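Working notes for the structure below.
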Amino acid sequence: MFIGHFAVAFAAKPAVPSTSLGTLFFACEWVDLVWPVFLLAGLERVAIRPGVTAFTPLDFLYYPWTHSLVMTAVWAAAFGLLYLLARRNRNAAFVVSAVVLSHWFLDLVVHRPDLPLAPGAAAHWGLGLWNSIPATLLVEGVLFGTALAFYMR
């Protein structure tokens, strides 16, 4: 999921008009922005394996600190708390936090079963939409177009 994450930001904007779209874009991509830092630090691992999915050659080997459900919830809570401290707007902080958390659920749709529920969890989840390029483009395009239309109204 890539532009689908931005769809969440567009869809959230009308609920929090005082929050900048840039902040919502940052929130929807937060775990993907932290992920390369964790890769470089050796805390998470990825390999390039062409064909692992039709859509991306990235084989996500170990990334529980950025992409597990539990840690995404922790990131979301931290992001929301920082927003609350900076802006003093509880509703907006909740929405911004929800936008961060949405990342895992959208990734669940596209990833093969490589998303952990928590660090150290044996079970991994993913519905595998990335195994089909046409289906991926269709789903992401519809999400993005619908959210953009919602935002424009």
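First residue of the sequence shown: 2, per the working numbering; consecutive thereafter.
Every residue, glycine too, gets a C-beta built ideally from N, C-alpha and C.
Note that this is a predicted model, so its numbers are computed, not measured.
Distance CB(residue i)-CB(residue j) smaller than 7 angstroms
i: arginine 46; j: tyrosine 63; result: yes
i: isoleucine 134; j: phenylalanine 11; result: no
i: valine 17; j: alanine 93; result: yes
i: valine 100; j: valine 35; result: no
i: threonine 176; j: leucine 102; result: Outside the displayed span of the chain (2 to 154) sits residue 176, for which this structure offers no information.
i: leucine 116; j: glycine 127; result: yes
i: alanine 28; j: phenylalanine 80; result: yes
i: isoleucine 49; j: proline 58; result: yes
Counted within 10 angstroms of its Cβ, other Cβ atoms place residue i as buried (16 or more) or exposed
i: alanine 123; result: exposed
i: proline 65; result: buried
i: serine 69; result: buried
i: glycine 52; result: exposed
i: valine 96; result: buried
i: alanine 87; result: exposed
i: glycine 23; result: exposed
i: serine 19; result: exposed
i: serine 98; result: buried
i: leucine 144; result: buried
Beta-carbon separation (whole angstroms), residue i vs residue j, contact threshold 8 angstroms
i: leucine 25; j: alanine 13; result: 6 angstroms
i: tryptophan 131; j: histidine 104; result: No, tryptophan 131 and histidine 104 are not in contact; Cβ-Cβ is about 15 angstroms, not under 8 angstroms.
i: leucine 107; j: histidine 6; result: 6 angstroms
To test your reading of the DSSP string, which unbroken beta strand (DSSP E) runs of 3 or more residues are found completely within the segment 8 to 68?
List check, beta strand (DSSP E) in window: 46 to 49 and 59 to 63.
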